[in-house]
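Novice: Dropping the structure in here first, questions after.
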(Lines of atoms letter the chains of each structure in order from A and count residues from 1; the text may use other names and numbers.)
(Lines give C-alpha, C1' and ligand atoms only; values in the text may rest on other atoms or scores of the structure.)
Protein backbone atom coordinates (compact mmCIF):
# COMPACT_ATOMS: atom_id res chain seq x y z
CA UNK A 1 0.00 0.00 0.00
CA UNK A 2 2.88 2.37 0.65
CA UNK A 3 3.91 2.11 -2.99
CA UNK A 4 0.37 2.93 -4.16
CA UNK A 5 0.24 5.92 -1.82
CA UNK A 6 3.60 7.16 -3.06
CA UNK A 7 2.44 6.84 -6.68
CA UNK A 8 -0.85 8.63 -5.95
CA UNK A 9 1.02 11.51 -4.30
CA UNK A 10 3.30 11.85 -7.34
CA UNK A 11 0.41 11.86 -9.80
CA UNK A 12 0.04 15.03 -11.83
CA UNK A 13 -2.97 17.22 -11.10
CA UNK A 14 -3.93 20.77 -11.90
CA UNK A 15 -6.82 23.16 -11.39
CA UNK A 16 -9.22 23.76 -14.27
CA UNK A 17 -12.44 25.76 -14.55
CA UNK A 18 -14.35 22.53 -13.83
CA UNK A 19 -12.26 20.94 -11.08
CA UNK A 20 -9.87 22.29 -8.44
CA UNK A 21 -7.70 19.15 -8.57
CA UNK A 22 -8.11 17.62 -12.01
CA UNK A 23 -6.06 14.48 -12.74
CA UNK A 24 -3.65 15.18 -15.57
CA UNK A 25 -2.61 11.57 -16.03
CA UNK A 26 -3.81 8.00 -15.85
CA UNK A 27 -2.51 5.78 -13.07
CA UNK A 28 -1.66 2.14 -13.83
CA UNK A 29 -0.41 -0.30 -11.20
CA UNK A 30 0.22 -3.89 -12.33
CA UNK A 31 0.73 -6.54 -9.68
CA UNK A 32 2.14 -9.78 -11.09
CA UNK A 33 1.16 -12.78 -8.98
CA UNK A 34 2.86 -16.17 -9.03
CA UNK A 35 2.02 -19.18 -6.91
CA UNK A 36 2.12 -22.95 -6.77
CA UNK A 37 -1.00 -25.02 -7.31
CA UNK A 38 -1.82 -26.93 -4.12
CA UNK A 39 -1.00 -30.60 -4.42
CA UNK A 40 1.05 -30.36 -7.61
CA UNK A 41 4.20 -28.84 -8.98
CA UNK A 42 2.38 -26.65 -11.50
CA UNK A 43 2.95 -22.94 -11.21
CA UNK A 44 0.13 -20.41 -11.60
CA UNK A 45 0.65 -16.84 -12.74
CA UNK A 46 -1.65 -13.89 -13.08
CA UNK A 47 -1.76 -10.12 -13.11
CA UNK A 48 -3.92 -7.66 -11.24
CA UNK A 49 -4.17 -4.28 -12.95
CA UNK A 50 -5.39 -1.34 -10.89
CA UNK A 51 -6.16 1.58 -13.16
CA UNK A 52 -7.46 5.06 -12.39
CA UNK A 53 -8.25 6.87 -15.61
CA UNK A 54 -8.13 10.62 -15.87
CA UNK A 55 -11.50 11.93 -16.99
CA UNK A 56 -12.13 13.27 -20.45
CA UNK A 57 -12.86 16.95 -20.61
CA UNK A 58 -14.29 19.43 -23.03
CA UNK A 59 -11.74 22.15 -23.56
CA UNK A 60 -14.40 24.84 -23.91
CA UNK A 61 -15.69 24.04 -20.39
CA UNK A 62 -12.41 23.32 -18.62
CA UNK A 63 -10.73 26.44 -20.04
CA UNK A 64 -7.47 24.49 -20.12
CA UNK A 65 -4.56 26.37 -21.68
CA UNK A 66 -0.93 25.66 -22.46
CA UNK A 67 0.40 22.45 -20.90
CA UNK A 68 -3.02 21.63 -19.39
CA UNK A 69 -4.61 21.86 -22.83
CA UNK A 70 -1.99 19.52 -24.30
CA UNK A 71 -2.54 17.09 -21.40
CA UNK A 72 -6.30 17.21 -21.93
CA UNK A 73 -5.89 16.44 -25.63
CA UNK A 74 -3.58 13.53 -24.79
CA UNK A 75 -5.98 12.18 -22.15
CA UNK A 76 -8.93 12.40 -24.55
CA UNK A 77 -6.94 10.68 -27.30
CA UNK A 78 -5.87 7.87 -24.97
CA UNK A 79 -9.45 7.35 -23.77
CA UNK A 80 -10.61 7.18 -27.39
CA UNK A 81 -7.97 4.49 -28.04
CA UNK A 82 -9.20 2.55 -25.01
CA UNK A 83 -12.78 2.80 -26.29
CA UNK A 84 -11.65 1.50 -29.70
CA UNK A 85 -9.89 -1.39 -27.98
CA UNK A 86 -13.03 -2.31 -25.99
CA UNK A 87 -15.10 -2.24 -29.19
CA UNK A 88 -12.58 -4.49 -30.99
CA UNK A 89 -12.65 -6.95 -28.09
CA UNK A 90 -16.46 -6.95 -27.97
CA UNK A 91 -16.66 -7.61 -31.71
CA UNK A 92 -14.00 -10.32 -31.41
CA UNK A 93 -12.02 -8.68 -34.18
CA UNK A 94 -8.92 -10.42 -35.40
CA UNK A 95 -6.77 -7.34 -34.83
CA UNK A 96 -7.00 -5.82 -31.36
CA UNK A 97 -5.38 -2.33 -31.29
CA UNK A 98 -3.27 -2.74 -28.14
CA UNK A 99 -0.45 -0.59 -29.59
CA UNK A 100 -2.57 2.47 -30.34
CA UNK A 101 -1.59 4.09 -27.03
CA UNK A 102 0.74 3.50 -24.11
CA UNK A 103 -2.29 2.88 -21.89
CA UNK A 104 -3.78 0.14 -24.06
CA UNK A 105 -0.34 -1.43 -24.45
CA UNK A 106 0.14 -1.49 -20.66
CA UNK A 107 -3.31 -3.00 -20.15
CA UNK A 108 -2.85 -5.84 -22.65
CA UNK A 109 -2.13 -8.52 -20.01
CA UNK A 110 -5.34 -7.68 -18.16
CA UNK A 111 -7.56 -7.21 -21.21
CA UNK A 112 -6.45 -10.28 -23.13
CA UNK A 113 -8.79 -13.30 -23.42
CA UNK A 114 -9.36 -14.85 -20.02
CA UNK A 115 -8.94 -11.54 -18.22
CA UNK A 116 -11.65 -10.09 -16.02
CA UNK A 117 -12.52 -6.40 -15.77
CA UNK A 118 -14.38 -4.46 -13.11
CA UNK A 119 -15.09 -0.98 -14.41
CA UNK A 120 -16.37 1.80 -12.14
CA UNK A 121 -17.35 5.24 -13.39
CA UNK A 122 -17.62 8.52 -11.58
CA UNK A 123 -20.39 10.84 -12.69
CA UNK A 124 -21.25 14.23 -11.26
CA UNK A 125 -24.73 14.95 -9.87
CA UNK A 126 -24.76 18.58 -11.00
CA UNK A 127 -26.85 19.67 -13.98
CA UNK A 128 -23.76 21.43 -15.32
CA UNK A 129 -21.98 18.05 -15.51
CA UNK A 130 -24.77 16.25 -17.40
CA UNK A 131 -22.87 16.15 -20.70
CA UNK A 132 -19.72 14.73 -19.10
CA UNK A 133 -21.73 12.22 -17.07
CA UNK A 134 -23.59 11.01 -20.16
CA UNK A 135 -20.31 10.72 -22.09
CA UNK A 136 -18.83 8.68 -19.22
CA UNK A 137 -21.82 6.33 -19.14
CA UNK A 138 -21.70 5.87 -22.92
CA UNK A 139 -18.01 5.01 -22.63
CA UNK A 140 -18.83 2.45 -19.92
CA UNK A 141 -21.24 0.64 -22.25
CA UNK A 142 -18.23 -0.31 -24.40
CA UNK A 143 -16.62 -2.29 -21.58
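In the UniProt record's numbering, the protein residues as written are 1 to 143.
Even glycine gets a Cβ: it sits at the ideal position worked out from N, Cα and C.
Assuming residue 4 is part of the beta strand (DSSP E), what are its boundary residues?
Specialist: That residue, residue 4, is in no beta strand (DSSP E); its alpha helix (DSSP H) goes 2-10.
Novice: Which first and last residues belong to the alpha helix (DSSP H) in which residue 138 is found?
Specialist: Where residue 138 is concerned, the enclosing alpha helix (DSSP H) stretches over 130-140.
Novice: Cβ of residue 142 within 8 Å of Cβ of residue 55?
Specialist: no
Novice: When you compare each of 26, 47 and 128 to residue 34 by their alpha carbons, which one comes out closest?
Specialist: 47
Novice: Between residue 55 and chain C, is there a C-beta pair that is closer than 8 Å?
Specialist: Here there is only one protein chain, and chain C is not present.
Novice: Do residue 136 and residue 103 come within 8 Å of each other at the CB atom, strictly closer than that value?
Specialist: no
Novice: Since residue 49 is in the beta strand (DSSP E), which residue starts that stretch and which ends it?
Specialist: 43-52
Novice: Looking at the secondary structure, which residues open and close the alpha helix (DSSP H) in which residue 79 lies?
Specialist: 67-90
Novice: Quick check for students: name the residue ranges of the beta strand (DSSP E) that lie wholly in the region 98-128, counting only runs of 3 or more.
Specialist: Fully enclosed beta strand (DSSP E) runs of 3 or longer: not present.
Novice: Have a look at residue 6 and residue 92 and give me their C-alpha separation to the nearest angstrom.
Specialist: 38 Å
Novice: Spatial neighbours of residue 26 within its chain, please: CB distance less than 8 Å, with the 5 preceding and 5 following residues excluded, ordered by chain position.
Specialist: 51, 52, 53, 54, 75, 78 and 103
Novice: To the nearest angstrom, how far is it from the Cα of residue 28 to the Cα of residue 68?
Specialist: 20 Å
Novice: For the beta strand (DSSP E) that residue 35 lies in, which residues bound it at each end?
Specialist: 27-36
Novice: Between residue 106 and residue 96, is the Cβ-Cβ spacing less than 8 Å?
Specialist: no
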